[in-house]
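Asks: Below you will find the structure I want to go over with you.
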Amino acid sequence: MGATKLNDLIPQMENYLECWKQFNQYLVQARSKNIQPEDEAQFLEVKSVLTQELELILASIETQNPSKEEILSLVSSAPSIRYISELNENSLRGLENQWHKIFIAWQSLLGQLKVQQKQTEKKGLFGSLFKK
57 MGATKLNDLI PQMENYLECW KQFNQYLVQA RSKNIQPEDE AQFLEVKSVL TQELELILAS
117 IETQNPSKEE ILSLVSSAPS IRYISELNEN SLRGLENQWH KIFIAWQSLL GQLKVQQKQT
177 EKKGLFGSLF KK
C-alpha cells in the first residue's frame, strides 16, 4: 500500500475507532437505563457512521478479522438504546463481549497499518538518500 493511501487511511481508522468507543458508551448508558430522546438519535447516527465507514475502509483494505458480517450483526442487534437496556444480563454481556472482540481486532489492524506506514517512510528516506 502506498504512503499516500496509508496516510489517508490511518486517520480514517482512528476516527472509526472513536465511533466504536461511542457505541460502547451507549452500551454503558443502556445498562444504567439513563436514556434521553436525543441519545437515541445520536446512537442511530453513530451506527450509521459505523456502517458507512466500514464500507469505505473495506474498499481500501482486506481483512478477515473483524469480518463485515460480525460488525453488521453487532450493529443490527442493537436497534436502540432502550432495546439494549431491556436485555437480560447475559444478553447484554454477550453484546459487550462482541463489541470488545471487534474493537480489539480494529485496534490490531490499525497497529498493522502504522507499522506499514513506518516501513514505507523508512524506504522513502533511504531511497532519497541513495538517489543523490
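Take the sequence shown: its letters are residues 57 to 188, numbered as in the working numbering. Built from N, CA and C at the ideal position, the CB exists for glycine as well. Small disclaimer: the values here were computed from a predicted structure and weren't measured.
Could you give the C-beta distance for Arg138 and Ile91, rounded to a whole number, given that I count them as a contact under 8 Å?
Replies: 6 Å
Asks: Do Ser136 and Glu101 have their C-beta atoms within less than 8 Å of each other?
Replies: no
Asks: Can you say whether Lys122 is buried or exposed, counting buried as having 16 or more other CB atoms within 10 angstroms of its CB?
Replies: It is worth fixing the name first, because residue 122 is Pro in this sequence and not Lys. Result: buried.
Asks: What do you get for Lys32, buried or exposed, if any count of 16 or more other CB atoms within 10 angstroms of its CB means buried?
Replies: Nothing can be reported for residue 32, as the shown portion of the chain is limited to 57 through 188.
Asks: Short of 8 Å in beta carbon distance, which residues of its chain neighbour Trp76, apart from the five on each side in sequence? Order them along the chain.
Replies: Leu106, Trp155, Ile158, Phe159, Trp162
Asks: Report the residue ranges of all alpha helix (DSSP H) runs contained in full by the segment 104 to 139; include only those spanning at least 4 residues, in chain order.
Replies: Whole alpha helix (DSSP H) segments, 4+ residues: 124 to 132.
Asks: Would you kindly check if the distance between the Cβ of Leu83 and the Cβ of Leu166 is under 8 Å?
Replies: no
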